[in-house]
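For the sequence shown, the working numbering begins at 1246 and goes up steadily by one.
Every residue gets a Cβ at the ideal spot worked out from N, C-alpha and C, and that includes glycine.
Note that this is a predicted model, so its numbers are computed, not measured.
Each remark here refers to the structure printed beneath this line.
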Amino acid sequence: MNETPLNQILFGPPGTGKTYHTINQALAILAPDLLVQNSGNDPETRKRLKAEFDRFVSAERVRFVTFHQSFSYEDFVEGLRADSDAETGQVKYSVESGVFKRICDDARTRPASDLGVRGNPAIWKISINGTGSSPTKSYCLDNGEARIGWGETGDLRGDYEQNAYYQSLGAGDKGTLSYFAEQMVVGDILLCIHSAEQIGSIGVVTGDYRYEAQVPAGVIGDYQHVRSVRWLYRDINLSILPLNDERQFTLKTVYAMSRFTWADLLSYLQQQGVKPVESVTVAGAVDEPYVLIIDEINRGNVSRIFGELITLIEESKRESADEALSVKLPYSKKPFSVPKNVYLIGTMNTADRSLAGLDIALRRRFVFREMPPRPELLDDIEVAGLNIGQLLRVMNQRIEVLLDRDHCLGHAYFMPLKKDGSQARLELIFRNQILPLLQEYFFEDWQRIAWVLNDQRKAPNDQFIQERTSLAEGLFGRDVGQGLAGSYWTLNDEAFERMEAYLSILDASLVGGNQAVKREVVQGEITLRELASGSIEVWRAGALQQPTKPVLRELAEQLGLALESASGSLLTTRGLGRQLIDRLSQGAA
């Protein structure tokens, strides 16, 4: 028994794998046995799961949508679309289904493909010997056929237009014959009427047009134009008015019904409790699941997007439930309900909005699954002696104290270090992801950002963010400058290249004090040292030089060394320092 909730939301801070885990959640619904058999976290298992998930996407059993501030009810459920009429050039408006209505329609109608119903079938009204009951109509329903008159035209697959009887017919009768013999196709739906306001029987066309020179006993003599039909519903005597904009059937024997779809018809039949004549899957009798993944569900206006359908997604209000409900949609005016085999999986970034700020209607109709940061997934990653799992734990503990747990850092940002555990990769992660995210979290309160990075306890050259004395008096004069006096903050680019800057996020004492010197060279009054940690120090006349890189560049230019690597990128402080020490060491030798 599948206990997966119909509606669920995965929530957590950025980078905790919410979207990543929607694949597993979807497969738990669509292929639970496969998920059990592939429960590992290794790359090969993930590859197999992703391949199966992609197969469901290709089969349109899984759909995606991302909510945003401009996303609306018309995008999600249905709306009006303006088109230009090819013949008249006039603007016309048609109702277009949104992503949610489309997946509901498919979930309801797809099982009927086993019965020969084609995708998006045309729906035809047919009058077999008028309204009410008759021997001809009974014969057709009992023997899987649909018949119409005007048999004197002969076989409509031949040169019938030269037939004198055919030429004597009016345009309406000629149109009926064309619809029945030429435009109707296998897989279309037939509505055989009981009266001007009632559907009598419903069937699917299963055979091409044929002409019978001799009709069976009891059938009207000129009912020689025939189609094979599988009658799915019989003698239901159901009103057509709610589906057809409160309009009756017209007198024409055969014509296309354009005001509703096969999905609308099936939904209406279910709401009315109408059962098919056979024990077959016609209107959702088999729960073949469909999944709609809604990314960033909390970024849209949920009340405006779902509208009146927010009630219908409840399990107790779904089709076939004891308290099933339906609504009349505002644009198409058709009844609509939500099938019980449609699952909603949302993702929610708590840094955008906490659970407390969510629409109460959304909160009580979804099951919420927290996706917290998982630093234990990073415990086996070390970069130059720095345990990445512990790094994430400590930074998140500081964020929880300074802000809240909704704004922690996710483990996914550091997962690339599993494949590339270099300091260069760590530097990119901090420069391009961690620091910009902290700026957003703390609204550029640099003091608190520095606390998260433990900069207040570091040596100046290891601080990512440095506090500088204000230049206000020099820029604006004493009178104005004193009012603007204070400090300002700058980024220390060189700290991103120093491993000590990352190590001391955990504890500044780890890199404090005197460190072992791996190599040392002297060039005039300049001393270059490569420390055991790999960092480069530059001393001039006994004073530590900060920043380091300008001095290294100056020295490299004096020695004629390139400032770029073989790939063309600028050398880092460490790379340039090592190159200088190598050259000077060779000279000394």
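- When DSSP states are grouped into helix, strand and coil, Pro1580 belongs to the strand group.
- Only buried fits Ala1426, as 16 or more other CB atoms lie within 10 angstroms of its CB.
- With respect to the 8 Å criterion, Pro1618 and Gly1655 are classified as neighbours on the basis of their beta carbons.
- Taking one beta carbon from each stretch, the stretch 1342-1353 and the stretch 1368-1380 have fewer than 3 pairs nearer than 8 Å; the two do not touch.
- Thr1592 sits in a strand when the DSSP states are folded into three classes.
- Ser1503 places its beta carbon 8 Å or farther from that of Ser1582.
- Within the same chain, Thr1556, Leu1557, Lys1562 and Ser1582 come within 8 Å of Leu1570 by CB-CB distance, once the 5 residues on both sides are set aside.
- Taking one beta carbon from each stretch, the stretch 1473-1481 and the stretch 1401-1417 have fewer than 3 pairs nearer than 8 Å; the two do not touch.
- Below 8 Å, enough C-beta pairs join the stretch 1381-1390 and the stretch 1461-1469 to call them touching: three or more.
- By the CB criterion at 8 Å, Leu1825 and Leu1789 fall outside the cutoff.
- Within the stretch 1720-1801, complete beta strand (DSSP E) segments of at least 3 residues are found at 1732-1736, 1762-1768, 1771-1776 and 1781-1785, given in chain order.
- The bridge partners DSSP lists for Trp1476 are Gly1448.
- Val1522 and Ser1446 have their C-alpha atoms spaced approximately 10 Å apart.
- In the three-state reduction of the DSSP assignment, Cys1653 falls in the coil class, being assigned neither a helical nor a strand state.
- DSSP places Ala1391 within a strand segment (E or B) once states are collapsed to three.
- Counting along the chain, the unbroken alpha helix (DSSP H) around Ala1273 starts and ends at Lys1263 to Leu1275.
- For Pro1258, the closest of Val1725, Ala1740 and Cys1653 by C-alpha to C-alpha distance is Cys1653.
- In terms of CA proximity to Asp1351, Pro1534 leads the group Lys1794, Pro1534, Asp1433 and Ser1339.
- Here Leu1483 has Gln1443, Ile1444, Gln1517 and Val1519 as same chain residues with Cβ atoms under 7 Å from its own Cβ, once five neighbours each way along the sequence are excluded.
- The C-beta distance from Leu1537 to Arg1308 rounds to 5 Å, short enough to meet the 8 Å contact threshold.
- Contact between Pro1792 and Glu1745 fails: their C-beta atoms lie close to 14 Å from each other, not under 8 Å.
- Distance from the Cα of Ile1750 is smallest, within the candidate group His1313, Ala1508, Phe1301 and Ile1694, for Ile1694.
- When DSSP states are grouped into helix, strand and coil, Leu1662 belongs to the helix group.
- DSSP links His1439 through a beta bridge to no other residue.
- The Cβ atoms of Val1547 and Pro1250 lie no closer than 8 Å to each other.
- Beta-bridge pairing by DSSP links Phe1613 to Ile1254.
- By the neighbour-count criterion, in which a residue is buried when 16 or more other Cβ atoms sit within 10 angstroms of its Cβ, Arg1819 is buried.
- Between Ala1416 and Phe1316, the alpha-carbon positions lie close to 47 Å from each other.
- In this structure, the alpha-carbon of Ile1679 lies about 46 Å from that of Tyr1576.
- DSSP places Leu1537 inside the beta strand (DSSP E), whose first and last residues are Tyr1535 to Asp1540.
- Annotation: Gln1493 is outside any alpha helix (DSSP H) and is labelled neither H nor E by DSSP.
- For the pair Phe1505 and Lys1579, the CB atoms are nearer than the 8 Å cut-off.
- Proximity to Asn1632 across Gln1708, Asp1752, Asp1700 and Asn1283 peaks at Asp1752, based on C-alpha coordinates.
- Counting of Cβ neighbours within 10 angstroms places Gly1375 among the exposed residues, the total staying below 16.
- In this structure, DSSP gives Asn1677 a helical state, which the three-state scheme calls helix.
- Cα atoms of Ser1667 and Tyr1747: separation of roughly 13 Å, rounded to the nearest angstrom.
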